[in-house]
Amino acid sequence: PSEARLAALESSFPGWIVRRWSQRFGPGETHKLLDTLNTPPRFGLRIDERKISLADALERMRKKGLTVTGGVLLPSALTVDRLYPILSDDLFRRGVIRVQDEASQLAGYAVSPQPNQRILDACAGLGTKTEHLLQLCPETRAVAMDIRLEKGSAFSGAGMVRGDILSMPFKPGVFDTILLDAPCSSLGIMRKHPEIKWRRKEEDLARYGAYQLNLLRNVWKSLVPGGHCVYSVCSFEPEETLDVLRDFAGEEQFLLENPLPFLFNKEYFLSVPHQTGMDGFFIAKLRKA
Numbered sequence: 004p005s006e007a008r009l010a011a012l013e014s015s016f017p018g019w020i021v022r023r024w025s026q027r028f029g030p031g032e033t034h035k036l037l038d039t040l041n042t043p044p045r046f047g048l049r050i051d052e053r054k055i056s057l058a059d060a061l062e063r064m065r066k067k068g069l070t071v072t073g074g075v076l077l078p079s080a081l082t083v084d085r086l087y088p089i090l091s092d093d094l095f096r097r098g099v100i101r102v103q104d105e106a107s108q109l110a111g112y113a114v115s116p117q118p119n120q121r122i123l124d125a126c127a128g129l130g131t132k133t134e135h136l137l138q139l140c141p142e143t144r145a146v147a148m149d150i151r152l153e154k155g156s157a158f159s160g161a162g163m164v165r166g167d168i169l170s171m172p173f174k175p176g177v178f179d180t181i182l183l184d185a186p187c188s189s190l191g192i193m194r195k196h197p198e199i200k201w202r203r204k205e206e207d208l209a210r211y212g213a214y215q216l217n218l219l220r221n222v223w224k225s226l227v228p229g230g231h232c233v234y235s236v237c238s239f240e241p242e243e244t245l246d247v248l249r250d251f252a253g254e255e256q257f258l259l260e261n262p263l264p265f266l267f268n269k270e271y272f273l274s275v276p277h278q279t280g281m282d283g284f285f286i287a288k289l290r291k292a
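Numbering-wise, our numbering puts 287 at position 284 of the sequence shown, and it's gapless, one number per residue.
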């Protein structure tokens with residue numbers, strides 16, 4: 004058998020995933036990536052720094068018997084080895100602590116919300132990222148939209164709209180910034196959800212990429228000229244990241260801006276789990292020309 008096939012058998016990963024990673028990263032890096040994804044997961048948390056310090060949060064987690072560490076890049080981030088004790092904690096019930104990986108938290112920092120700025124979280128889900136934007140800047144004018152917006156996702160400070168990106172319920176040029184945390188293959192979170200690797204096929208990646216491009220087209224109309232769209236996915240596969248931007252550049256005029264200038268000088272953020280210690284993730288910030 005080929006080296007990639009042996010690695011797939013040893014790591015209990017589908018052959019197509021190991022083959023494409025071996026071609027992209029080389030055998031050595033692929034082994035490190037597979038080893039990382041096969042280690043027991045650690046769960047990312049976000050703390051509301053206005054209500055608790057990182058030191059106090061770390062101490063509280065340790066008293067619960069958790070193995071806890073601070074984040075790699077952010078003072079609001081920490082990781083624990085078990086989630087159940089967190090979910091029953093009063094701090095979780097009060098929203099002082101939320102379950103959110105550090106890579107996902109970086110998307111909120113990429114939005115960089117400002118007072119009175121009109122911001123749309125276009126795939127808000129339960130509103131975790133919208134809530135984070137309001138923590139970063141309570142005076143921002145945030146709207147959370149999702150096709151399945153539930154009553155349980157209500158929180159103070161944001162407008163809430165049940166709507167579909169593919170038929171945007173907003174006029175053109177309404178928002179200063181749009182966060183598009185798009186549905187994706189979720190291959191970046193396989194460490195926490197190993198079943199994903201068996202549910203996906205390689206052809207799914209191009210299908211997701213086409214869908215993400217369509218979502219980007221639709222939210223773009225609601226941006227003011229000079230406004231920003233932060234595009235993020237919990238995947239590090241080219242079809243869902245740089246390929247989407249390349250195809251979109253063939254249709255619209257935009258500039259790629261450094262999404263996280265306080266951390267590095269790059270055109271985008273790409274997290275590959277064994278390199279960053281975070282979920283697999285991608286963030287780009289597009290400025291509408």
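Where a beta carbon is used, it is the ideal one built from N, C-alpha and C, also for glycine.
Check, Outcome
"Could you check the C-alpha separation between E260 and I89 for me, to the nearest Å?", "36 Å"
"In this structure, does DSSP put G128 in helix, strand or coil?", "coil"
"Can you give me the Cβ contacts of A287 inside the same chain, cut-off strictly under 7 Å, excluding the 5 residues immediately before and after it?", "Y234, L248, L259, P262, Y271"
"Counting Cβ pairs, one atom from each stretch, are 3 or more of them under 8 Å apart for the segment 142-153 and the segment 191-200?", "no"
"How many angstroms separate the CA atom of W223 from the CA atom of R8?", "42 Å"
"Using CA coordinates, which residue listed in E6, S5, L12, S25 is at the minimum distance from E240?", "S25"
"Taking the CB atoms as reference points, tell me whether V99 and D167 lie closer together than 8 Å.", "no"
"Can you find the residues in the same chain that come closer than 7 Å, C-beta to C-beta, to W19, ignoring five residues on each side of it along the sequence?", "E205"
"In the DSSP assignment, find the unbroken beta strand (DSSP E) run with M64 in it and report its ends.", "That residue, M64, is in no beta strand (DSSP E); its alpha helix (DSSP H) goes 57-66."
"I'd like the span of the alpha helix (DSSP H) that includes P228, first residue to last.", "From DSSP, P228 is part of no alpha helix (DSSP H) but of the beta strand (DSSP E) over 226-236."
"So, do the segment 264-282 and the segment 103-112 have three or more beta carbon pairs nearer to each other than 8 Å?", "yes"
"If I measure Cβ to Cβ from I150 and keep anything under 6 Å in the same chain, skipping five residues before and after, which residues do I get?", "D167"
"Based on Cα-Cα distance, which residue from G29, M163, G73, P228 lies nearest to G128?", "M163"
"Alpha carbon to alpha carbon, how far is V83 from L137? Give it in angstroms, no decimals.", "24 Å"
"Where in the segment 61-146 do unbroken runs of the beta strand (DSSP E), each at least 3 residues long, occur, reported from the N-terminal end onward?", "71-73, 80-83, 100-102, 121-124"
"Counting along the chain, where does the beta strand (DSSP E) carrying K288 start and finish?", "284-291"
"Which residues in the same chain have their Cβ closer than 8 Å to the Cβ of T244, if we skip the five residues on either side of it in sequence?", "V236, S238, Y271, L273, F285, A287"
"Taking the alpha carbon of F265 as the reference point, which residue from T33, R97, R121, S115 has its own alpha carbon closest?", "S115"
"Can you tell which of P30, L109, P118, D93 has the C-alpha that lies nearest to the C-alpha of F267?", "L109"
"Entirely within the segment 161-202 and at least 3 residues each: give me those beta strand (DSSP E) ranges in chain order.", "162-165, 178-184"
"T169: buried (16+ other C-beta within 10 angstroms of its C-beta) or exposed?", "The identity of residue 169 in the sequence shown is Leu, whereas the question assumes Thr. When all chains shown are included, L169 counts as exposed."
"Got a sec? Which residues, its chain only, sit under 8 Å from D207 by beta carbon, not counting five neighbours each side?", "S188"
"On the DSSP bridge list, what partners appear for S274?", "F284"
"With a threshold of 7 Å on Cβ separation, who are the neighbours of V75 within its own chain once the five nearest residues in sequence on each side are excluded?", "E105, T279, G280, M281"
"Once DSSP output is grouped into helix, strand and coil, what is the label at G29?", "coil"
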